[in-house]
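What follows is one structure encoded as structure tokens, with my remarks underneath.
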Amino acid sequence: MYALMFGQFLRTRTCQIGLVLILILGVISILIGKQFLIDQEKITSDVVENHAGHLKRNLEFHSDDIGLLLYYLEFVLVNPSSPIAALSIGQRDINPSVQSVNIRTLEGQRHDTDLVNPVSLLHGNLDLSFIILFVFPLLIIAFTYNLRSEEVESGTWRLVGVMSKSKFKFLLMKLAVRIALVLIALVVLIVLAALTLNISWNAAFVAFFVTGFLYQLFWFGICFWVVSLRQNSAVNALALLVIWLTLVILLPSALNNHIANKYPVPEALTTIIKQRDGYHQKWDTSKRETMEKFYTKYPQFESFGFPPEEGFNWLWYYAIQHMGDEESLDDSQMMRAKIEQREFKSRNWAKVVPTMHTQVVFNDVAGTSLTNHMDFLRQIQDFHEQIRLFFYPKIFHDENAKQINWEQFEPSYVQQEEEIDWIGNLLPLTIGLFLFLLLAVINRKAM
Amino acid sequence: MLEAIDLSKMYGNHEALIDLNLTVRTGEVYCLLGQNGAGKTTTINLFLGLINPSRGKALINGKEVNINSDTNQMIAYIPEVVQLYGNMDGIENLNFFSRLSGHTYSKKELVELLEKAGLKKEDHTKKLSSYSKGMRQKVGIAIALSKNAQAIFMDEPTSGLDPKATDEFTTICKELVAEDKCIFMATHDIFNAVNVGSRIGIMNEGKLVHTADTSSINANELQELYLKTI
Chain A
3 MYALMFGQFL RTRTCQIGLV LILILGVISI LIGKQFLIDQ EKITSDVVEN
53 HAGHLKRNLE FHSDDIGLLL YYLEFVLVNP SSPIAALSIG QRDINPSVQS
103 VNIRTLEGQR HDTDLVNPVS LLHGNLDLSF IILFVFPLLI IAFTYNLRSE
153 EVESGTWRLV GVMSKSKFKF LLMKLAVRIA LVLIALVVLI VLAALTLNIS
203 WNAAFVAFFV TGFLYQLFWF GICFWVVSLR QNSAVNALAL LVIWLTLVIL
253 LPSALNNHIA NKYPVPEALT TIIKQRDGYH QKWDTSKRET MEKFYTKYPQ
303 FESFGFPPEE GFNWLWYYAI QHMGDEESLD DSQMMRAKIE QREFKSRNWA
353 KVVPTMHTQV VFNDVAGTSL TNHMDFLRQI QDFHEQIRLF FYPKIFHDEN
403 AKQINWEQFE PSYVQQEEEI DWIGNLLPLT IGLFLFLLLA VINRKAM
Chain B
7 MLEAIDLSKM YGNHEALIDL NLTVRTGEVY CLLGQNGAGK TTTINLFLGL
57 INPSRGKALI NGKEVNINSD TNQMIAYIPE VVQLYGNMDG IENLNFFSRL
107 SGHTYSKKEL VELLEKAGLK KEDHTKKLSS YSKGMRQKVG IAIALSKNAQ
157 AIFMDEPTSG LDPKATDEFT TICKELVAED KCIFMATHDI FNAVNVGSRI
207 GIMNEGKLVH TADTSSINAN ELQELYLKTI
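This is how it looks when you write it as structure tokens:
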């Protein structure tokens, strides 16, 4: 029976065009992901060579003055993209994966980034997660909106009613055929992605796959519920498109707007202003006052004493640089707290908006989420502090730069192990799926 | 085999069928005549379990029919226009619907069923979208045969068929009756009703107003009675 149903459905134009289209779009999305990975790999591989050149040049020019050398020298922290990031690029193309910082004030540096491709920022990335989130539901709608109504409208429903033992079971079988074809298309794309992008079948990739799988089933649940309401094809199609528009575009946009308005982040600007003011005003502040604040934070350097009020001194200079960060610390922490609050609220809302939830899960497992970037920013801060503390005594002692082993300052790489929260990832979609299936089963008698 | 007891159906305030009482035995062809809207199709729909009665009951082999009953396992149905899947051929459609009713046939058996229904062998593998109404009707008959049902309901089965196809259809009906099937047919075709039917009922405005045995009435008399009734 299933073979006949497959054969019958595969011969329809809807099925043929739908499958070809989704496979073409899927392949394009994988190639876009591949290009993203190539770009990322080039950036992270170039950085090694560029950094070595940067070190060499500055050592040539400034090795006689370690304070001046450290003024210019930058140190690199890399947040490498895993191959799975190509499936869900998320914020990886707007936030830097490579951050170079010197030991001066941090705040002005850690949000520095270049827009690689502003055009893609406008329309987003056509990655596989986009295809799964936006396009697959449309395919599912096209495959199922007339599951029952096509039989009624073409006149076969009465014959089906007389011939089949259960019309509901007949519709379930038709649904199963469509589910199988959509999931086969998804599996083909996932396998193709794994081969093209060299993704290993680790927990993150399995989580991506299972979430995508469940997301498709969730949409089949919605479609089957709408079908169970026994409306005609036009009404079904319209209802499903309205649901698609609401779940995929309107709700996420409205929630994003609501959260952005509810938690404004003016600190994004004030942090930079305070950091700059905090630093610049110290030029006109007595050196003693600046140094006292510096030693409060770093008592281990108190033995270097207080430089004379007149003239330039690297000890004092790096103390005023440090003051910039100190003065903007409250705003910086506030900004971070608000961004995290936005993220927290978004994730809470996402639990009841399956499209948002799926996007969140995809970005989480791909390591391309805002959370991942916030962790990277935190690690930049730790990295910056570590570098500072290493060089401060050397600068304050005016050590010979040539005696330092500069090879140890190759680019550093952060390791961000994403813990997979299987229940948290899959439960919202599972509840949504069963809710709509239950609603459909309630209408079973009338079908 | 088939029994209607005070069978009634209302659509809102409109009484489509009013207190229908009739019995059809095995080996009988019961033809229901009447104008459009007389209640013929409503009667068939009630026996098919596609709608529930407002009052009374329809029984098949003593079992009450309703939307949730499994009485449709005992019946087959041939509509006025047999609508099947246009992108499948005759054999595939027959295979599809026979499997749907829980019957699995070999290809040879499917061919035999189509031949028994009068469909030429060269047409078996043509797509349904290229079939004439008569050819579709034959596939519909083959589907009904495949179910091996005891009762077959037909709704205007000869409407739009050419005389040859009507004659072939009549022959098949007689063969089915000879196999102890019972046929319940709604029709406008008085001459065919007399030709194929065992008993005839005339309906008007939801009521069964006359019944006649075809052994005691000819086509002209039936036509006169029918015209008087409506």
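Protein chains in written order, with the working numbering: chain A, 3 to 449; chain B, 7 to 236. Every residue, glycine too, gets a C-beta built ideally from N, C-alpha and C. In this text the structure is predicted, and so the values were computed from the model without any measurement.
Close Cβ partners of residue 165 of chain A (< 6 Å) along its chain, the five nearest in sequence each way excluded:
Against the first sequence, residue 165 of chain A aligns to sequence position 163. Excluding sequence neighbours, residue 165 of chain A sits near nothing in its chain.
Give the residues of chain B in contact with residue 84 of chain A, contact being defined as C-beta atoms less than 9 Å apart.
Numbered from 1 along the first sequence, position 82 holds the residue referred to as residue 84 of chain A. The premise fails here: residue 84 of chain A is roughly 45 Å from chain B at the closest Cβ pair, so nothing lies under 9 Å.
Among A/191, A/51, A/256 and A/199, which one has its Cα closest to the Cα of residue 88 of chain A?
Stepping through the first sequence from its first residue, residue 88 of chain A is reached at position 86. Of A/191, A/51, A/256 and A/199, the residue nearest in Cα terms is A/199.
Which chain D residues sit within Cβ distance under 8 Å of residue 10 of chain A?
Of the protein chains in this structure, namely A and B, none is chain D.
Alpha carbon to alpha carbon, what distance is there between residue 43 of chain A and residue 151 of chain A?
Taking the first residue of the first sequence as position 1, residue 151 of chain A is located at position 149. Taking the first residue of the first sequence as position 1, residue 43 of chain A is located at position 41. Straight-line Cα distance between these residues: approximately 51 Å.
Taking only the alpha-carbon atoms, compute the straight-line gap between residue 124 of chain B and residue 141 of chain B and give it to the nearest angstrom.
Within the second sequence, numbered from 1, the residue matching residue 124 of chain B stands at position 118. Within the second sequence, numbered from 1, the residue matching residue 141 of chain B stands at position 135. Their Cα atoms are separated by approximately 8 Å.
Residue-level contact to chain A via CB, residue 205 of chain B, 7 Å cutoff
As a working mapping, residue 205 of chain B is identified with position 199 in the second sequence. False, the Cβ-Cβ gap to chain A never drops below 7 Å.
Could you list which residues in chain B have their beta carbon closer than 9 Å to that of residue 172 of chain A, in chain order?
Walking along the first sequence from the start, residue 172 of chain A turns up at place 170. Within chain B, the residues placing a beta-carbon under 9 Å from that of residue 172 of chain A are 106, ordered along the chain.
When Cβ atoms are compared, which residues of the stretch 144-176 of chain A fall closer than 8 Å to chain B?
Of all residues in the stretch 144-176 of chain A, 156, 157, 158, 160, 161, 162, 163, 164, 165, 166, 167 and 172 have a Cβ within less than 8 Å of some Cβ in chain B.
For residue 27 of chain B, the nearest candidate out of B/212, B/227, B/183 and B/148 (CA to CA):
Position 21 of the second sequence, counted from the start, is the residue given in the question as residue 27 of chain B. Ranking the options by Cα distance to residue 27 of chain B, first place goes to B/212.
At a CB distance below 7 Å, what residues from the stretch 180-191 of chain A approach chain B? Give them in sequence order.
none
Count the CB pairs spanning the stretch 136-143 of chain A and the stretch 405-418 of chain A that are closer than 8 Å, and state whether there are at least three.
no
Does the Cβ of residue 29 of chain B have 16 or more other Cβ atoms within 10 Å, making it buried, or fewer, making it exposed?
Sequence index remark: in the second sequence, residue 29 of chain B carries index 23 (1-based). By the 10 Å Cβ count, residue 29 of chain B comes out exposed.
Quick one: which chain A residues come within Cβ less than 8 Å of residue 163 of chain B?
Mapped onto the second sequence, residue 163 of chain B falls at position 157. Under the 8 Å cutoff, chain A gives no residues; its nearest Cβ is about 13 Å from residue 163 of chain B.
With which residues is residue 14 of chain A paired in a DSSP beta bridge?
By one-based count along the first sequence, residue 14 of chain A stands at place 12. The partner list for residue 14 of chain A (beta bridge, DSSP) is empty, contrary to what the question assumes.
Inspect the beta-carbon positions of residue 160 of chain B and residue 84 of chain B and report whether they are closer than 7 Å.
Taking the second sequence and counting its residues from 1, the one referred to as residue 160 of chain B is at position 154. Taking the second sequence and counting its residues from 1, the one referred to as residue 84 of chain B is at position 78. Yes; because the gap between Cβ atoms is below 7 Å, this pair is in contact.
Is residue 35 of chain A near the ligand PLP, judged by its Cβ being under 6 Å from some heavy atom?
Here there are no bound small molecules, and the ligand PLP is not part of this structure.
If you check the beta carbons only, do residue 75 of chain A and residue 385 of chain A fall under 7 Å apart?
Counting from 1 along the first sequence, the entry for residue 75 of chain A is found at position 73. Counting from 1 along the first sequence, the entry for residue 385 of chain A is found at position 383. Not a contact, by the Cβ cut-off of 7 Å.
So residue 164 of chain B packs on residue 193 of chain B, CB below 8 Å; how close in whole Å?
On the second sequence, residue 164 of chain B is found 158 positions in, with the first residue counted as 1. On the second sequence, residue 193 of chain B is found 187 positions in, with the first residue counted as 1. Indeed, because the Cβ distance is near 7 Å, the residues count as touching under 8 Å.
Does the Cβ-Cβ distance between residue 188 of chain B and residue 157 of chain B come in under 7 Å?
For this step, residue 188 of chain B is matched to residue 182 along the second sequence. For this step, residue 157 of chain B is matched to residue 151 along the second sequence. Yes, the pair counts as a contact, with Cβ atoms nearer than the cut-off.
Can you have a look at residue 184 of chain B and say buried or exposed, based on whether 16 or more other CB atoms are within 10 angstroms of its CB?
As a working note, residue 184 of chain B is residue 178 in the second sequence. Here residue 184 of chain B is exposed. Its C-beta has fewer than 16 other C-beta atoms within 10 Å.
For residue 317 of chain A, tell me which candidate among A/326, A/306, A/232 and A/325 has the shortest Cα-Cα distance.
Locating residue 317 of chain A in the first sequence gives position 315, where the first residue counts as 1. Cα-wise, what sits closest to residue 317 of chain A is A/306.
Does residue 65 of chain B get closer than 7 Å to chain A when you measure Cβ to Cβ?
As a position in the second sequence, residue 65 of chain B is number 59, starting the count at 1. Interface annotation, residue 65 of chain B: not in contact with chain A, CB-CB separation never under 7 Å.
From the DSSP output, read off the bridge partner residues of residue 210 of chain B.
Position 204 of the second sequence, counted from the start, is the residue given in the question as residue 210 of chain B. Paired residue(s): B/213.
Pop quiz: residue 401 of chain A and residue 337 of chain A are said to be a contact at Cβ under 8 Å. What is the actual Cβ separation, rounded to whole angstroms?
Stepping through the first sequence from its first residue, residue 401 of chain A is reached at position 399. Stepping through the first sequence from its first residue, residue 337 of chain A is reached at position 335. That belief does not hold up - the Cβ atoms of residue 401 of chain A and residue 337 of chain A are roughly 36 Å apart, past 8 Å.
Does the contact criterion of 3 or more C-beta pairs under 8 Å hold for the stretch 391-408 of chain A versus the stretch 53-69 of chain A?
yes
Thinking just about the alpha-carbon of each residue, which of A/302, A/341 and A/294 is nearest to the one in residue 325 of chain A?
In the first sequence, counting from the first residue as 1, residue 325 of chain A sits at position 323. A/294 is the residue among A/302, A/341 and A/294 whose C-alpha sits nearest the C-alpha of residue 325 of chain A.
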